Structures are given as C-alpha cells and as structure tokens.
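In my numbering, the protein residues as written are 16 to 509. From the three backbone atoms N, C-alpha and C, an ideal C-beta is built for every residue, glycine too. Bear in mind the structure is a predicted one, so any value in this text is a computation, not a measurement.
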C-alpha cells in the first residue's frame, strides 16, 4: 500500500522541559500525523546518547534514553510533584536542546521519581527486570560504575573492573546497589512510557519506524560486557575501527572510531548477539531501518589510532549468513536497509538476496557527482523515498548551499515554482514516485532551512539539537499534507 511518513526524532518535539519527550507533545504529534494522512513516524535511535549527544554513539544498544522520559507523565503517575521540575531553567531557546544542562539537571529529577517508584514498585516492575535480564543488570552496573569513575570510559577503569573480574564485579554491585537500582528503575520508566506512546500511535493508525545503528560505541556496556564479539587486542583495545573512505565529499574520509565486529566469532555462535539485538528492536518498533547496510557486505577498517580514514581498507562482511540466521530465529521482520554511500556489486546483491527495501534520497538526484538512480522516475516500488535524511540539509537549506547547477537541475526536473514553495515541489517529487513509502523531514514540511539541520556528519558541536517550535504543526498544515496524500494515492482508504 502506498503511504507517507514524517522523519522527526523525539528530542525535536516541542516541550517546555528542554527536550522533546514521550508525553503530551508526542501524542499531539501523533494526532497531527493521523490528521495529515501520514501512516509512519520515523525517529532516530532511542538509546541513551553518549559523548557528543549522538544517538549513534550510545552507552547501550538495548537501553532507552532517560532524556525522553516525560516529566509531566511521571507527575500524573504520582512519582513527582510539579514543583520538582516546573521551575527549572533548562537554559535553552525553544528551538534548541541544551544537552549539557540536561545532563546536570535532569538526573536529580529522575532520581526523585525512581526513589518514589522503588519505595512502592508496581507489580509489573519485577517482571520487567526479569524479561530484560539479558542486558539490564550489566547496563545498570555499567552506568553506576561510570558515575563512580567520574564519567570516564570503562577502558580507563581499574584493571579488575576493566577486565570484569567476577569478584570485583560482585563487590561493585554490592557497593553501588542504590545506584544500580536507580538505573534499572529509569529503564522501567522509559519503557513504560514508550509502550504507552507506541500503543497510542498504533491506535491512531500510525506505525513507528525506528533506527538501528550498525555499530556500537567503544565506551558502551555492549563492548565492556561482551568483548569477544569485537575486534579487540589483549589489552581490550580495538585493532581497527569503523569509518568511510575518502570520497568526493571528504578528502580524508570519515573516522567514526567504533570498534568492529569479530564476524568470525559471531558466526561460530550462530550470530546470537545480533539475533538478540534485532529481536529487541523489532519488539519495540513497527519497522526497523538498519543504518549503514553496506557494512554487512563489506566494511571499511581503519587502523586504531589513525588521525583520519585514509589508511583504511575494505574487508568482507557476513553477508547473507547473518540475515539467514536472523530469519531462521525470528521469522521475517519489517526492515528497511540504508543502502547509501559507496555501493559495490556485492552490496546490491546482498540487498536483493535479503529482500529488504532500500532507500532513495532526492537531494542526491541532482548532484553532478552522483547518478540518476536517485531521480524519482527511476524508483522501484520496493523502496523508501526520502527528501533527505537526518544527515542531510533540510530542503530549503539544500537550496541555499547546493551548487547552482544542481539547484537548476532540480528546478527544471520538478518544475519548481515560487508560488508552490520549492520545498513543497521537492516533496511532491517523492510523493509522486512509485516508491511504496515516501518520508519527508519535518523541517521540510515546516519550510525550515539550514538553521534546522539535525546533523552534519564528521562535525562536533551543534548537532542533534533542533526542536520544532510550539504550535508549528497546525490543522491547516495537516489539511494541506492530507490533500497531497490523497492526490498521490498515499491516503489510507480506511
């Protein structure tokens, strides 16, 4: 069925508490999507953000981000009083997130809520902890130890904890029992609110597309708790790290720094770690977008300690062996493959063999360095068409920063007019395409520009902080979007 969706992370929702959260503002956005004829809400990873505030560099691939817990909903549950948080100055303008202030001021509020929860835990709390026993105890201890060590990465902890000596872990768990209980309670609060939000969205006919980063951060419980799954040396340091080679966009490539998977070790145990991971995300989202899909066909490995990505080399990935194992264990799942970047023939073959829909990004269609496969008249039905992703400019920002010849090609191809609004003409391009699903950025619907860009790859500072202003998603805007969905056959007939 042809359908439409909007890409906007939860942190970008309007909110009086410094960051978008899973409460009333999220439910209001779901209402807007439903009224606008949108069947999908695409978000970024909901895992906790680490240094740099990126949801793609998380302390845990399984845990939820405490910043997304709505404080008003906690008060409605009797775990806070409005005076606990209503007068806090989050020190951010309404269109930005101030992460450093969130880090300082959010956790004391959550500690009050967690203490109230633990003083009289609901009947389902113990069941939640049991059901998440595969990751929750390690995560809670990891975060408690990180606090005890002043936020330092686990690679700098004392040797016994660094290497997870059983006696040292037992002593830490006893010493930090209160903090461990806090971090477990926070996860319960997160997933209780998440389940309620997802149930609300599904009840209004809106499905949630979540995002699964291919890699995990070095400073994560995932690597600390299970180092045998990664390419580490005898001192538990990476041998090589992830990134992208130099290309027309970057002369030095991209050095992400994530540890690489030990695919041979993973294959020996039947890819059990990946099966757990995909089972988890498919259990919390309706559809999962797997980031950097090309890394499963072949991945770029850069020697650890390199200053940039120029010294890396390509190595073979697990290919269909991984996805066959996942399907045998879990059955067929709703997965979108982010098949962008340098695509060799083995990547195209893997996408075809896996049967996942790939992605088409309209902003790439008019770049003289790229081909015409991103132009809408070439799209197959089995794909997801985007105006841009979280790593791209909003459309109005693209018009102001793209080469003039690319803008001219877009204007000619799509017959863009000032009266319609060039951003609307670009969105029309993906809506009119044959793609089963067309997703546009919220910034494009709102007509925002470079100032609202979510992320500029390979840069630090200023990313991930954009928020929509209160009242931005109006009934008139919903009606205009709904009209477009009807015009291009993307409106659910039910």
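Query: Roughly how many angstroms separate the alpha carbons of residue 248 and residue 86, rounded to a whole number?; Result: 43 Å
Query: Could you check how far apart the C-beta atoms of residue 153 and residue 240 are, in whole angstroms? I think they sit under 8 Å.; Result: 4 Å
Query: What are the start and end residues of the alpha helix (DSSP H) that includes residue 139?; Result: 138–146
Query: Just list the residues that DSSP pairs residue 330 with in beta bridges.; Result: 314
Query: In terms of residues, what are the limits of the alpha helix (DSSP H) holding residue 501?; Result: 490–502
Query: Less than 7 Å separating the beta-carbons of residue 438 and residue 462?; Result: yes
Query: Using the beta-carbon count (16 or more within 10 Å), is residue 395 buried or exposed?; Result: exposed
Query: Less than 6 Å between the CB of residue 396 and some heavy atom of the ligand COA, yes or no?; Result: This structure simply doesn't include the ligand COA, nor any ligand for that matter.
Query: Are the region 479–488 and the region 27–41 in contact at 8 Å, needing three or more beta carbon pairs?; Result: yes
Query: Between the alpha carbons of residue 260 and residue 489, how many angstroms are there, rounded?; Result: 43 Å
Query: According to DSSP, what are the bridge partners of residue 255?; Result: 318
Query: So, using beta-carbon positions, are residue 493 and residue 50 closer together than 7 Å?; Result: yes
Query: Kindly indicate which three-state DSSP category residue 64 falls into: helix, strand or coil?; Result: strand
Query: Can you tell which of 97, 257 and 204 has the C-alpha that lies nearest to the C-alpha of residue 322?; Result: 257
Query: In or out: residue 146 buried (at least 16 other Cβ within 10 Å) or exposed?; Result: exposed
Query: Does the region 31–45 touch the region 83–101, meaning 3 or more C-beta pairs lie closer than 8 Å?; Result: yes
Query: Would you please verify whether the beta carbon of residue 173 is less than 7 Å from any beta carbon of chain C?; Result: The structure shown contains no chain C; it is built from a single protein chain.
Query: Judging by CA-CA distance, which residue of 429, 364, 361 and 399 is the nearest neighbour of residue 381?; Result: 429
Query: Threshold first: 4 residues or longer. Then list the alpha helix (DSSP H) segments lying entirely within the region 72–97, N to C.; Result: 86–91
Query: Can you tell me whether residue 379 is buried or exposed? The criterion is at least 16 other CB atoms within 10 Å of its CB, across all chains shown.; Result: buried
Query: Using DSSP bridges, identify the partner residues of residue 19.; Result: 453
Query: According to DSSP, simplified to helix, strand and coil, what is residue 442?; Result: helix
Query: Check whether the Cβ atoms of residue 416 and residue 377 sit closer than 7 Å, and answer yes or no.; Result: no
Query: Is the distance from the Cβ of residue 196 to the Cβ of residue 133 below 7 Å?; Result: yes
Query: Just grab the DSSP bridge partners of residue 398 for me.; Result: 373
Query: From which residue to which residue does the alpha helix (DSSP H) around residue 418 run?; Result: Unbroken run through residue 418: none, as it is neither H nor E.
Query: I'd like the span of the beta strand (DSSP E) that includes residue 302, first residue to last.; Result: 302–305
Query: Go through its chain and collect everything with a Cβ distance to residue 349's Cβ below 8 Å, but skip five positions before and after it.; Result: 297, 301, 302 and 303
Query: On a Cα-Cα basis, can you pick out the residue from 172, 223 and 136 that is closest to residue 204?; Result: 136
Query: In the DSSP assignment, find the unbroken alpha helix (DSSP H) run with residue 568 in it and report its ends.; Result: Here the chain covers residues 16 to 509 and nothing more, so residue 568 does not appear.
Query: According to DSSP, which residues form a beta bridge with residue 269?; Result: 259
Query: How would you write the range of the beta strand (DSSP E) that residue 56 sits in, first residue to last?; Result: 55–57
Query: Tell me residue 382's beta-bridge partners as DSSP assigns them.; Result: Residue 382 is not bridged to any residue.
Query: Going by the CB atoms, is the gap between residue 245 and residue 284 shorter than 7 Å?; Result: no
Query: Entirely within the region 159–206 and at least 4 residues each: give me those alpha helix (DSSP H) ranges in chain order.; Result: 174–177 and 181–190
Query: Going by DSSP, what residue range makes up the beta strand (DSSP E) through residue 222?; Result: 222–227
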